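Everything on this sheet refers to the single structure shown next.
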């Protein structure tokens, strides 16, 4: 299988339909066929989009639309987000040239999503939690933000180049983004049942730390089943000792 067919470009709430058309042309140039839009603008200009797509109409025709990022990447095995910001929630950031050679071999057997944020303010914090890796494009310090279609070109071309030389990774049944999300929900639910108190009583930060930990490791379906069983036993054990309604 051509590994490029396993790459999916996801544009989150694109406001400029011209950028959608330009992105479709970039995909055609780099051999990628999957374009996904998350809640795109309702001010659609089909003529301008087609004109900027320039002989890439089949990519627009097969483009899928989803209401949110979670559903757009649910069946993928690896989610790469893009950002030009740094700070809380964006602690682990690579450049495309650092990251892509490491993960490109996975594309031979697994679906990979490349996620791009809004033209105005990129990916929001609640969307970043769905990304297993974040990349940032090196640029001049005075103006670090790229045009959306230019960012798509930079990342997809790096993948295109890396896949010319990459050797396929051994096939393994990696968990999908949706399966990983269900596991995390099970984990947080189990911790809630045993009244776990995070450091500084900051559950939002604890959630980000846990997600960052899980994003560092590849989980296959067997790993997911084992952890679910452990969490199930924790919940079962906790149910034998319900919280007392009175304080000591």
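Numbering (this note's numbering), first residue to last: 3 to 250. Even glycine gets a Cβ: it sits at the ideal position worked out from N, Cα and C. Only a predicted model underlies this, so the values are computations on that prediction, with no experimental measurement involved.
| Check | Outcome |
| --- | --- |
| Run of the beta strand (DSSP E) containing residue 220, from where it starts to where it stops | Run containing residue 220: none; DSSP gives neither H nor E here. |
| Residue 67, buried or exposed, once every other Cβ within 10 Å from all chains shown has been counted against 16 | exposed |
| Coarse secondary structure for residue 84, derived from DSSP in three states | strand |
| Inter-residue spacing [alpha-carbon to alpha-carbon] between residue 110 and residue 173 | 8 angstroms |
| Nearest neighbour of residue 44, chosen from 18, 55 and 35 [CA to CA] | 18 |
| Enclosing alpha helix (DSSP H) for residue 26 [first to last residue] | 19 to 31 |
| Test item: CB-CB of residue 115 and residue 62 under 8 angstroms | no |
| At least three beta-carbon pairs within less than 8 angstroms, the segment 96 to 112 to the segment 153 to 171 | yes |
| Contact set for residue 177: own chain, Cβ-Cβ below 8 angstroms, skip 5 residues either direction | 79, 185, 221, 222, 223, 225 and 226 |
| Helix, strand or coil at residue 10 according to DSSP, with G and I counted as helix | strand |
| Residue 34 versus residue 13: straight-line alpha-carbon distance, rounded | 14 angstroms |
| Residues sharing a beta bridge with residue 38, DSSP | 12 and 66 |
| Of the listed residues 40, 77 and 58, nearest to residue 71 (C-alpha basis) | 40 |
| For residue 151, the residue or residues it bridges with in DSSP | Answer is none; residue 151 lacks a bridge partner. |
| For residue 36, the nearest candidate out of 47, 11 and 59 (CA to CA) | 11 |
| Alpha-carbon to alpha-carbon, residue 121 and residue 188 | 34 angstroms |
| Contact check, residue 151 vs residue 55, beta carbons under 8 angstroms | no |
| Where the beta strand (DSSP E) through residue 118 begins and ends | 114 to 118 |
| Bridge-paired residues (DSSP) for residue 137 | 84 and 96 |
| Where residue 262 falls, given that 16 or more other Cβ within 10 Å makes a residue buried | Residue 262 lies beyond the stretch modelled for the chain, which goes from 3 to 250, so this question has no answer here. |
| Buried or exposed by the 16-neighbour rule on C-beta atoms within 10 Å, applied to residue 182 | buried |
| Residues that DSSP places opposite residue 176 in a beta bridge | 222 |
| Residue(s) in a DSSP beta bridge with residue 124 | 120 |
| Contact belief for residue 107 with residue 170 at Cβ below 8 angstroms, rounded distance in angstroms | 6 angstroms |
| First through last residue of the alpha helix (DSSP H) which encompasses residue 51 | 48 to 55 |
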